[in-house]
């Protein structure tokens, strides 16, 4: 009996030591205001309590945090580091806590000076401060903020469509406004930097677009030409209220595009001019004499029936010939028809 009790005691002691070794977490160093030591993390840091991280952060930053204990009680993370361990500088502890909360779709929001709250990521931008671009670039990387970006050369809806897949799935938002055009973008500050860079790239590309006027030759519809210019520029990149090309009047089209796109527009304009000249040549009316042998009056009557309203025709007095007045294309058809009549 005594032996059994002794073995049971030893077994419980061994299990207790093993359990303590398995769940051992890094100890928080002394966080004195004048000397904040880095946090040393070993390579077997597992089951690290999020609540413990919050407690460390409060000690380091001398702030207070409001949260619901039941919301965070069971949340634990594992931090894998090199086998020699890793030292986390005090200024990076905020980022570590934000990354840990991000695993559970939570974030830290400042609700007043030195006071924070843990909220769902979907509520982050509702409670985040509004900043301009310069302030947003200087914001701590772990904070959620909303930035207001004015647009001068980009379309707000087009920019929104491009940014939607670049932001956080939980907590990231983008809202376009049209009058005047600007974007409201909310996300964690480190991710927001990339979004700001993307918008500034859109703006830089838009700033390269300049306006150019094209005068169209007779016979070319200005509306049709504007549609052609929009097609080669890529009208799907622009909203219909502000197309890249528009007809000013019956002979003038204004195009706004990049230098590379204007080269394509110049080529299209040359083709339109050449086409107009071809149309003009074909539509030019001229008179030609055709020898028909006998009975020219019968040929006149036949041609008038075949080409009603397309030509003028008359017999040459005292000769077996007729005079036809028509455009070049009709003359070719008349010539073929006369060959068949002979």
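Residue numbers (the numbering used here): -16 to 325.
We put the beta carbon where it would ideally sit given N, CA and C, even for glycine.
Being a predicted model, the structure only gives us computed values, none of them experimental.
Contact between residue 229 and residue 209 holds: their C-beta atoms lie close to 6 Å from each other, under 8 Å.
A buried status is given to residue 138, since no fewer than 16 other beta-carbon atoms sit within 10 Å of its beta-carbon. Between the alpha carbons of residue 320 and residue 264 lies a gap of roughly 22 Å. Judged by beta-carbon spacing, residue 303 lies beyond the 8 Å limit of residue 268, meaning their Cβ atoms are not closer than that value. A residue is called buried when at least 16 other Cβ atoms come within 10 angstroms of its Cβ; residue 47 does not meet this threshold and is exposed.
With contacts defined by Cβ atoms closer than 8 Å, residue 76 and residue 43 form a contacting pair.
The alpha-carbon separation between residue 259 and residue 248 amounts to approximately 16 Å. Residue nearest to residue 132 within the set 271, 158, 312, 211 is 158 (criterion: CA-CA distance). Setting aside the 5 residues that flank it on each side, residue 124 is surrounded in the same chain by 78, 172, 173, each with a C-beta closer than 7 Å to its C-beta; the list follows chain order. The beta-carbon distance between residue 88 and residue 176, rounded to whole angstroms, is 21 Å. This is too long to meet the 8 Å contact definition. DSSP, reduced to helix, strand and coil, places residue 161 within a strand of the structure shown.
Here DSSP, grouped into helix, strand and coil, assigns residue 113 to strand. Counting only residues of its own chain and dropping the five nearest sequence neighbours on each side, residue 313 has a CB closer than 6 Å to the CB of 293, 294. Annotated as distal: residue 211 and residue 146, with beta-carbon spacing of 8 Å or more. Rounded to whole angstroms, residue 300 and residue 201 show a C-alpha spacing of 38 Å.
DSSP, reduced to helix, strand and coil, places residue 310 within a strand of the structure shown. Annotation: residue 179 to residue 56 spans about 36 Å, alpha carbon to alpha carbon.
Under the DSSP definition of a beta bridge, residue 93 partners with 99. As the crow flies, the alpha-carbon of residue 315 is around 58 Å from that of residue 143. Residue 22: member of the beta strand (DSSP E) spanning 22 to 24, first to last residue. It is roughly 31 Å from the alpha-carbon of residue 122 to the alpha-carbon of residue 30. Counting only the Cα atoms, residue 95 lies some 53 Å from residue 215. Taken through DSSP and simplified to helix, strand or coil, residue 122 comes out as coil. When beta bridges are read from the DSSP output, residue 166 appears opposite 132, 159. The straight-line gap separating the alpha-carbon atoms of residue 237 and residue 197 is approximately 6 Å. Close CB contacts of residue 104 within its chain, under the 6 Å cut and outside five residues either way in sequence, are with 88, 90, 153, 154 (chain order).
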